[in-house]
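Participant:
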Amino acid sequence: MYERGPYAKGRERREAILKTTLEVFSHRGSRGASLRAIARELEISPNLLQHYFSTREELLVEVVSAWDAENDRLAEGMNFLSHWLLAIKHNTTIPGLIRLYTALAVETADLNHSARSFIAQRYEIITHKVADDIDRLKRLGLCPPDSDTVRVTRLLIAACEGLQLRSLHTSDFDMYDEFLFLLREFHVLPPAEEVTFAVMRFSEHTKAQSAHTLSSHISTATADNQQE
Numbered sequence: 001m002y003e004r005g006p007y008a009k010g011r012e013r014r015e016a017i018l019k020t021t022l023e024v025f026s027h028r029g030s031r032g033a034s035l036r037a038i039a040r041e042l043e044i045s046p047n048l049l050q051h052y053f054s055t056r057e058e059l060l061v062e063v064v065s066a067w068d069a070e071n072d073r074l075a076e077g078m079n080f081l082s083h084w085l086l087a088i089k090h091n092t093t094i095p096g097l098i099r100l101y102t103a104l105a106v107e108t109a110d111l112n113h114s115a116r117s118f119i120a121q122r123y124e125i126i127t128h129k130v131a132d133d134i135d136r137l138k139r140l141g142l143c144p145p146d147s148d149t150v151r152v153t154r155l156l157i158a159a160c161e162g163l164q165l166r167s168l169h170t171s172d173f174d175m176y177d178e179f180l181f182l183l184r185e186f187h188v189l190p191p192a193e194e195v196t197f198a199v200m201r202f203s204e205h206t207k208a209q210s211a212h213t214l215s216s217h218i219s220t221a222t223a224d225n226q227q228e
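In case it helps, the UniProt record's numbering puts the sequence shown at residues 1 to 228.
1) Which residue's Cα is closest to the Cα of TRP84: VAL150, PHE202, THR206?
2) In whole angstroms, what separates the C-alpha of HIS98 from that of ILE44?
3) If I measure Cβ to Cβ from TYR52 and keep anything under 7 Å in the same chain, skipping five residues before and after, which residues do I get?
4) Could you spell out where the alpha helix (DSSP H) holding ARG139 opens and where it closes?
5) So, are the CB atoms of VAL188 and LEU137 less than 9 Å apart?
6) Starting from the Cα of TYR100, find the closest Cα among SER117, GLU124, LEU155, LEU168 and give me that residue.
7) On a CA-only basis, which of GLN164, ARG184, ALA208 is nearest MET175? Give me that one, please.
8) Entirely within the segment 15-65 and at least 4 residues each: give me those alpha helix (DSSP H) ranges in chain order.
9) What whole-angstrom Cβ distance do LEU142 and LEU182 have, given they're in contact under 8 Å?
10) Quick check on this structure: which residue in SER171, THR170, VAL130, ARG139 has the alpha carbon closest to the alpha carbon of ARG151?
11) Between which two residues does the alpha helix (DSSP H) harbouring CYS160 extend?
12) Can you list, in chain order, the residues of its chain whose CB lies under 8 Å from that of ILE134, leaving out five sequence neighbours each side?
13) How far does the alpha helix (DSSP H) with GLU107 in it extend, from its first residue to its last?
14) Rounded to whole angstroms, what is the Cα-Cα separation between ALA192 and LEU22?
15) Out of curiosity, what's the CA-to-CA distance linking GLU178 and ASN79?
16) Looking at the unbroken alpha helix (DSSP H) that takes in ILE88, where does it start and where does it end?
17) Where do the ends of the alpha helix (DSSP H) carrying GLU178 lie?
18) Go ahead and pull the three-state DSSP assignment for GLY10.
19) What's the C-alpha gap between LEU42 and ASP132?
Here is the structure:
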């Protein structure tokens, strides 16, 4: 069943805003990504943009939430450490995403930041998921039983944050490969078949995205030719 009317248009507008926000972050960085700049890129008024997202912080939270949901969809049925690896691969293909998330994480160090609770809750959820999967590896005999789950979890999350920041400064930095090395060094690397499955899932997604992009280009070109 196809969506019609104002609801469908509103949803499409929100998706366009999220996509454009990433593009602005990619090209202009955090300082250049004001609501006014994003509205200008969309060719709409700032007031119309604020009809959908009243503040810049609300918009950034929505972008991160949308991509978390997309990564969850891609990794459906996978254990979390493999899910995490897939998410890292996926996120590095989205221009502006890591820059946006890093900016939001830094800004929410301010105790009065409106998105501070969102980031704190996100950390808590990820912490529980990582710890649970490390304990699963222990039960499978794939991780030393005396490994400190809490500390390893905390260090992995902190390391991932640092790797994201590093990737913004070095264009040829392979964040996925570095994180894979960390998992191996901490003796929490998932079974080979799980890692292989994550890589295959990402490859399938990339091919599907490429096919969709090509189809969109063909449709646009066809429409342009018909108008001439």
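C-beta atoms are modelled at their ideal positions from N, C-alpha and C, and glycine is treated no differently.
Facilitator: On the basis of the supplied data:
1) Considering only alpha carbons, the answer is PHE202.
2) The displayed chain sequence assigns Ile, not His, to residue 98. ILE98 and ILE44 have their C-alpha atoms roughly 26 Å apart.
3) Here the set comprises ARG13, ARG14, ILE17.
4) ARG139 -> alpha helix (DSSP H) spans 116-139.
5) For VAL188 and LEU137, yes; Cβs fall inside 9 Å.
6) Reading the sequence as shown, one finds Leu at residue 100 and not Tyr. The option with the nearest alpha carbon to LEU100 is LEU168.
7) Among GLN164, ARG184, ALA208, the Cα nearest to that of MET175 belongs to GLN164.
8) Every alpha helix (DSSP H) of 4 residues or more that sits fully in the segment 15-65 is shown, in chain order, as 35-42, 46-52.
9) Their Cβ separation, rounded to whole angstroms, is 16 Å, which puts LEU142 and LEU182 out of contact at 8 Å.
10) Scanning SER171, THR170, VAL130, ARG139 for the CA closest to the CA of ARG151 turns up VAL130.
11) Here the alpha helix (DSSP H) through CYS160 covers 149-169.
12) The answer, listed in chain order, is LEU81, CYS143, SER147, THR149, VAL152, THR153, VAL188.
13) Its alpha helix (DSSP H) spans residues 97-107.
14) Cα to Cα, the separation comes out at about 33 Å.
15) As the crow flies, the alpha-carbon of GLU178 is around 20 Å from that of ASN79.
16) Following the DSSP letters along the chain, one finds ILE88 inside the alpha helix (DSSP H) bounded by residues 80-91.
17) For GLU178, the enclosing alpha helix (DSSP H) begins and ends at 175-185.
18) Of the three classes helix, strand and coil, the one that applies to GLY10 here is helix, per DSSP.
19) Straight across, the Cα-Cα distance linking LEU42 with ASP132 is about 42 Å.
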